[in-house]
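Position 67 of the sequence shown, counting from 1, maps to 67 under full-length UniProt numbering, and the rest follow consecutively.
Quick reminder that beta carbons are idealized off the backbone N, C-alpha and C, glycines included.
Remember, it's a predicted structure, so these values are computed and weren't measured experimentally.
Data first, discussion second: the structure below is written as structure tokens.
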Amino acid sequence: MPEMMSLSRRSVTLFAGVIVASAAAVLGSGVASADDPLVGKTYADATAQIKKWSGHPILSTVVGDQLSMDKCTVASWRKDTKTGKFFLSLFCDTGVATAKDAGNSAGSPTGRSAKQHDINVEYLHQHPEVCLQMKADHPDWFKKPMDGCEGVT
Numbered sequence: 001m002p003e004m005m006s007l008s009r010r011s012v013t014l015f016a017g018v019i020v021a022s023a024a025a026v027l028g029s030g031v032a033s034a035d036d037p038l039v040g041k042t043y044a045d046a047t048a049q050i051k052k053w054s055g056h057p058i059l060s061t062v063v064g065d066q067l068s069m070d071k072c073t074v075a076s077w078r079k080d081t082k083t084g085k086f087f088l089s090l091f092c093d094t095g096v097a098t099a100k101d102a103g104n105s106a107g108s109p110t111g112r113s114a115k116q117h118d119i120n121v122e123y124l125h126q127h128p129e130v131c132l133q134m135k136a137d138h139p140d141w142f143k144k145p146m147d148g149c150e151g152v153t
């Protein structure tokens with residue numbers, strides 16, 4: 001039985017490593033702060049938050065053209081404190097093409113990575129106990145939301 005527990009933990013750790021590597025490949029190499037209020041949000045959510053702060057969202061950079069503007073992800077931002085303007089840099093490409101959105105071919109390295117990420121996320125949605133085990137073993141991974149383990153407390 002102890003061997004089974006050890007194997008189970010190794011499997012969870014290996015699986016989590018695949019998820020982290022897949023996410024890094026899909027999302028790029030930039031690192032966002034766990035408590036950043038805008039990075040990683042959709043443009044729609046970020047502009048809503050900025051308006052709550054009585055700020056003015058301004059597009060400074062847009063990379064890609066595969067998503068509608070509201071679905072683009074905020075990659076970085078800066079605030080001009082004198083004017084209250086928030087300059088947003090957006091990432092507007094998808095990981096892999098779907099029936100609804102254009103994207104990378106599932107046969108390309110980036111597309112394969114994105115497809116594997118999607119498979120891992122779906123697995124975690126179907127097996128929330130894996131998320132609970134990962135959180136127990138690696139609480140630092142959950143300082144910011146993890147794809148597939150949304151809502152794990």
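Check                                                                                             : Outcome
Paired residues, beta bridge with residue 77 - DSSP                                               : 88
Residue 61: first and last residue of the uninterrupted beta strand (DSSP E) it sits in           : 56-63
Selection from 97, 131, 126 and 145 that minimises the alpha carbon distance to residue 115       : 97
Cβ of residue 89 within 8 angstroms of any chain E Cβ                                             : Included in the structure is just one protein chain, with no chain E present.
The region 52-61 contacting the region 81-92, beta-carbon criterion three pairs below 8 angstroms : yes
Beta-bridge partners of residue 42, as assigned by DSSP                                           : 73
Within 8 angstroms, strictly: CB atoms of residue 103 and residue 66                              : yes
Top-ranked residue by Cα proximity to residue 152, from 83, 77 and 128                            : 128
Residue of 76, 80 and 100 minimising C-alpha distance to residue 68                               : 100
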